[in-house]
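Everything on this sheet refers to the single structure shown next.
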Amino acid sequence: MRVSVAADSKDGVAERVVSELRRRGHEVVTHGALSDEERDDWAWASELAAKDVSEGRADQAVVCCWTGTGASIAANKVAGVRAALCVDAYTADGARKWNDANVLALSLRLTSDVVLDEILDAWLAGRPSGDSADVANVSHLGEIR
Ligand SMILES: O=C(CO)[C@H](O)[C@H](O)COP(=O)(O)O
881 MRVSVAADSK DGVAERVVSE LRRRGHEVVT HGALSDEERD DWAWASELAA
931 KDVSEGRADQ AVVCCWTGTG ASIAANKVAG VRAALCVDAY TADGARKWND
981 ANVLALSLRL TSDVVLDEIL DAWLAGRPSG DSADVANVSH LGEIR
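Numbering-wise, the numbering used here puts 973 at position 93 of the sequence shown, and it's gapless, one number per residue.
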């Protein structure tokens, strides 16, 4: 899979997100503080990663900031993006299963190395449930204005 990763800082697990995704065989595109040329503010970095998904340059994205909130808010402004702020593996599994989330948002402050690995395991293995109620809910997200 091709995954865009954005962060507004190299603190916390930011660089580990990149190394773990690469170790698991994914192609990674980096944005914000993880890139040498780009603006490293959370709104701009998350926007670029989310647009990679929205515009087909990436299958999924991971967006990070100190709290995870700004990164998720910015990503969710992009059409077609369903960003989920995940604090543990259960939430990541639910985000994929019930929300068909395509962008994982993480807090650089809160996410430990161990919890990151668990979140990535759940996120990468997760699939949309296909349940009709979940399909209807996700479809309705595209209609909300
Ligand atoms: O969590 C965040 C936004 O939701 C930011 O990472 C936090 O505000 C720190 O940003 P800065 O280093 O630019 O002050």
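Beta carbons are placed, not taken as given, at the ideal position from N, Cα and C, and that holds for glycine.
Taking a contact to mean a Cβ-Cβ separation below 8 Å, would you say S987 touches W946 in this structure?
The answer is yes: Cβ separation under 8 Å.
For the stretch 1008 to 1025 against the stretch 901 to 916, do three or more pairs of beta-carbon atoms, one drawn from each stretch, fall closer than 8 Å, so that the two count as touching?
Cβ pair count under 8 Å is below three, so no.
In the DSSP output, what is E907 paired with across the bridge?
Looking at the DSSP assignment, E907 forms a beta bridge with R882.
Would you check if the stretch 970 to 978 and the stretch 932 to 946 touch, i.e. whether three or more CB-CB distances between them fall below 8 Å?
These segments do not touch.
By how many angstroms is the C-alpha of R902 removed from the C-alpha of D997?
For D997 and R902, the distance between alpha carbons rounds to 13 Å.
Please classify S825: is it buried, with 16 or more other beta-carbons within 10 angstroms of its beta-carbon, or exposed?
In the structure as shown, the chain begins at 881 and stops at 1025. Residue 825 is therefore absent and cannot be evaluated.
Between which residues of its own chain and A880 is the CB-CB distance below 6 Å, once the five residues before and five after are set aside?
Past the boundaries of the shown model lies residue 880; the chain is included only from 881 to 1025, so the question cannot be answered.
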